[in-house]
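A.B. asks: Below is a structure I'd like to ask you about.
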Amino acid sequence: MTTRLTPQLASRLAAIALGHVTREYPNHILHGLEGPDDARTPSELHPVFYGSYDWHSCVHGYWMLARLLRLYPDMPEAQAIRYLFGAMLVPDRVAGEGAYFDRPMARGYERPYGWGWLLKLAAELQGHEDPAWGAALSPLTERIVQRFRDFLPLATYPVRVGTHYNTAFALRLAADFAETVGDDTFFELLRATAQRWYGSDTACPAWGEPSGDDFLSPALIEAECMRRLLPAADFARWFDAFLPEIAASQPRTLFAPASVSDRSDGKIAHLDGLNISRAWCWSSLANTLTDTDPRRPVMRDAVHRHLTAGIAHVAGDYMGEHWLASFAVLDLTETK
Numbered sequence: 001m002t003t004r005l006t007p008q009l010a011s012r013l014a015a016i017a018l019g020h021v022t023r024e025y026p027n028h029i030l031h032g033l034e035g036p037d038d039a040r041t042p043s044e045l046h047p048v049f050y051g052s053y054d055w056h057s058c059v060h061g062y063w064m065l066a067r068l069l070r071l072y073p074d075m076p077e078a079q080a081i082r083y084l085f086g087a088m089l090v091p092d093r094v095a096g097e098g099a100y101f102d103r104p105m106a107r108g109y110e111r112p113y114g115w116g117w118l119l120k121l122a123a124e125l126q127g128h129e130d131p132a133w134g135a136a137l138s139p140l141t142e143r144i145v146q147r148f149r150d151f152l153p154l155a156t157y158p159v160r161v162g163t164h165y166n167t168a169f170a171l172r173l174a175a176d177f178a179e180t181v182g183d184d185t186f187f188e189l190l191r192a193t194a195q196r197w198y199g200s201d202t203a204c205p206a207w208g209e210p211s212g213d214d215f216l217s218p219a220l221i222e223a224e225c226m227r228r229l230l231p232a233a234d235f236a237r238w239f240d241a242f243l244p245e246i247a248a249s250q251p252r253t254l255f256a257p258a259s260v261s262d263r264s265d266g267k268i269a270h271l272d273g274l275n276i277s278r279a280w281c282w283s284s285l286a287n288t289l290t291d292t293d294p295r296r297p298v299m300r301d302a303v304h305r306h307l308t309a310g311i312a313h314v315a316g317d318y319m320g321e322h323w324l325a326s327f328a329v330l331d332l333t334e335t336k
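In terms of the numbering used here, the sequence shown is residues 1 to 336.
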C-alpha cells in the first residue's frame with residue numbers, strides 16, 4: 001500500500017469505514033448498568049455511534065469519512081458518505097447520544113480517548129459542505145467540552161500508558177477543536193494542563209515501550225501534545241530537554257517499528273496502530289526542525305520505517321480494520 005494519500009487510497013479507506021460504522025456486531029460495550037432496563041443492544045444505547053466494534057472507533061470512523069469527503073468530494077464513495085451523515089447526524093439521534101452521557105454512571109464514559117475523538121470530529125465538521133451535520137452534533141460536542149472543563153482541573157496526574165487512557169493524546173485532539181472554533185479559554189485550559197502534567201519532564205528514557213497492546217507511544221504523543229499546545233520557542237526548549245539524544249537514535253526503542261505476531265488478536269493488533277501513530281508523531285516533530293538540524297534525517301527515516309510497517313495492515317482482519325484506517329488518514333493528512 002502506498003505511503004501517501006492518493007484518490008485511489010482515499011476511496012479504499014472510505015469503503016472500509018462505510019463497511020463498519022453501521023456494523024453493529026461484533027461489539028465491545030463498556031457499559032455500566034444501573035438496573036435491568038439498562039441491558040440493551042448497542043444501537044439502542046447509541047443511536048449514532050453503535051458500529052465499528054466500539055463507540056470511540058465509530059466516532060473516528062466518522063471523522064475519517066468527513067476528512068476524506070472534504071479532500072475528495074467527487075470520490076466514488078462520496079454520495080454514500082453524504083447519505084450516511086444525512087441519516088445519522090440528525091438532532092433526534094444525537095439527542096440519544098447525549099442522553100447516554102447524562103446518565104450518572106457515564107461520568108467517565110470514554111474518558112479521555114473518546115472525548116478527544118468526538119471533538120476532533122466536531123472540528124472536522126466545522127465549515128464542511130453541509131453545516132447541518134456539525135449543527136446536529138453540537139449538543140453532544142458541548143457536553144464533551146464541558147466534560148473536559150470539569151475533569152482537567154481535578155486530574156492531578158497524567159496517564160502515560162500507550163492505550164485509550166493516555167491523556168496527552170486527548171489533549172492533542174481537543175486542541176484542534178479549540179483552535180478551530182476559536183475557543184481561547186478552552187485552548188488555554190488544555191495548554192495549562194499540558195504544562196502542569198508534562199512541563200518538567202526531561203531525558204525521557206522510553207524504557208517501557210512498546211507495551212504489548214500499545215497503539216500510542218507515551219513518549220512521542222507527549223511530545224506531539226506539547227508541540228501542538230506550546231508556543232514554538234517554548235516547545236523547542238522543552239523538546240531539546242525531553243529527548244536530548246535523537247541525533248544518536250536514542251532512546252533506541254522509539255526508532256524500531258513494533259513487531260505484530262497475530263493480527264486476529266485485538267490487543268496485539270494495536271501494535272500496527274503504534275507504528276502508524278509513531279510515524280505521525282515523528283513527522284510532526286521533524287517538521288519543527290530546520291533542514292540542517294542533524295536530528296531531522298534520523299526522524300524522517302523513523303517516519304518512513306514505521307509508516308511502511310503499519311500502513312500495509314489497515315485492512316485484512318476486523319480486529320484491526322475497524323479502526324486502523326483512521327490512524328492512517330490522521331498520519332497522511334496532518335503531516336508532510
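The C-beta atom is built at its ideal place from N, Cα and C for all residues, glycine as well.
Since the structure is predicted, the reported quantities are computational estimates derived from the model, not experimental observations.
So the alpha helix (DSSP H) L68 belongs to, where does it begin and stop?
C.D. replies: W55 to L71 is the extent of the alpha helix (DSSP H) around L68.
A.B. asks: Hey, how far is the Cα of A175 from the Cα of R228?
C.D. replies: Each residue's Cα considered, the two are about 7 Å apart.
A.B. asks: Run the CB neighbour count on A236, radius 10 Å, all protein chains shown included, and call it buried at 16 or more, exposed below.
C.D. replies: It is exposed - the Cβ of A236 has fewer than 16 other Cβ atoms within 10 Å.
A.B. asks: Helix, strand or coil for E321 per DSSP?
C.D. replies: Helix, per DSSP.
A.B. asks: If you run the structure through DSSP and keep just helix, strand and coil, what is Y83?
C.D. replies: DSSP places Y83 in helix when its eight states are reduced to three.
A.B. asks: For E97, does the three-state DSSP call read helix, strand or coil?
C.D. replies: E97 falls in the helix class under three-state DSSP.
A.B. asks: Starting from G114 and walking both ways along the alpha helix (DSSP H), at which residues does that stretch end?
C.D. replies: Looking at the DSSP string, the run of the alpha helix (DSSP H) that includes G114 is Y113 to L125.
A.B. asks: Give me, in chain order, the residues of the same chain whose beta-carbon lies closer than 8 Å to that of L5; leave out the 5 immediate sequence neighbours on both sides.
C.D. replies: Around L5: L71, V329, L332 and T333.
A.B. asks: Pull up the CB-CB distance for L189 and L152, whole angstroms please, since I reckon it's below 8 Å.
C.D. replies: Indeed, because the Cβ distance is near 6 Å, the residues count as touching under 8 Å.
A.B. asks: For R191 and A14, what's the separation of their Cα atoms in angstroms?
C.D. replies: About 33 Å.
A.B. asks: Note down, in chain order, each residue of its chain lying with its Cβ closer than 6 Å to the Cβ of S52, except the 5 sequence neighbours on either side.
C.D. replies: Here the set comprises H20, V21, C58, G61 and H322.
A.B. asks: With a 10 Å radius around its C-beta and 16 neighbouring C-beta atoms as the bar for buried, classify L216 as buried or exposed.
C.D. replies: Per the 10 Å Cβ criterion, buried.
A.B. asks: On the premise that R93 lies in contact with V48, defined as a C-beta separation below 8 Å, what is that separation, rounded to the nearest angstrom?
C.D. replies: That belief holds up - the Cβ atoms of V48 and R93 are roughly 5 Å apart, short of 8 Å.
A.B. asks: Going by the CB atoms, is the gap between G266 and M319 shorter than 7 Å?
C.D. replies: Closer than 7 Å, so yes.
A.B. asks: Return the first residue and the last residue of the alpha helix (DSSP H) that S138 is part of.
C.D. replies: Per DSSP, S138 belongs to the alpha helix (DSSP H) from P131 to F151.
A.B. asks: With DSSP collapsed to three states, give me the class of P26.
C.D. replies: Of the three classes helix, strand and coil, the one that applies to P26 here is coil, per DSSP.
A.B. asks: What residues in its chain sit with their C-beta under 8 Å from that of W345, if we drop five residues either side in the sequence?
C.D. replies: Absent from the model: residue 345. The displayed extent of the chain is 1 to 336, so no value can be given.
A.B. asks: What is the DSSP secondary structure of V329, counted as helix, strand or coil?
C.D. replies: The answer is helix: DSSP assigns V329 an H, G or I state.
A.B. asks: Just how far apart, CA to CA, sit F255 and S200?
C.D. replies: Rounded to the nearest angstrom, the two C-alpha atoms are 24 Å apart.
A.B. asks: Curious, which full-length alpha helix (DSSP H) runs of at least 4 residues does the stretch 157–223 contain?
C.D. replies: Runs found: 167–181 and 184–198.
A.B. asks: Going by CA-CA distance only, name the one from T3, W282 and H313 that's closest to L271.
C.D. replies: It is H313 whose Cα lies nearest to the Cα of L271.
A.B. asks: Is the CB-CB distance between W282 and V303 below 7 Å?
C.D. replies: Against a cut-off of 7 Å, the Cβ pair of V303 and W282 comes out as a contact.
A.B. asks: One question on the structure: do P257 and A309 come within less than 7 Å of each other, judged by their Cβ atoms?
C.D. replies: Yes; because the gap between Cβ atoms is below 7 Å, this pair is in contact.
A.B. asks: Select from T163, A106, L230 and E124 the residue whose C-alpha is nearest the C-alpha of A269.
C.D. replies: The shortest C-alpha separation from A269 is found at T163.
A.B. asks: Measure from the alpha carbon of L33 to the alpha carbon of each residue in M64, L289, G316 and M105, then state which is nearest.
C.D. replies: Looking at the Cα atoms, M105 is the closest of the given residues.
A.B. asks: Measure from the alpha carbon of P205 to the alpha carbon of each residue in F187, L230, P231 and I246, then state which is nearest.
C.D. replies: When only C-alpha atoms are compared, the closest one is I246.
A.B. asks: Mind checking which residues open and close the alpha helix (DSSP H) that includes F255?
C.D. replies: No alpha helix (DSSP H) contains F255, which DSSP labels as neither H nor E.
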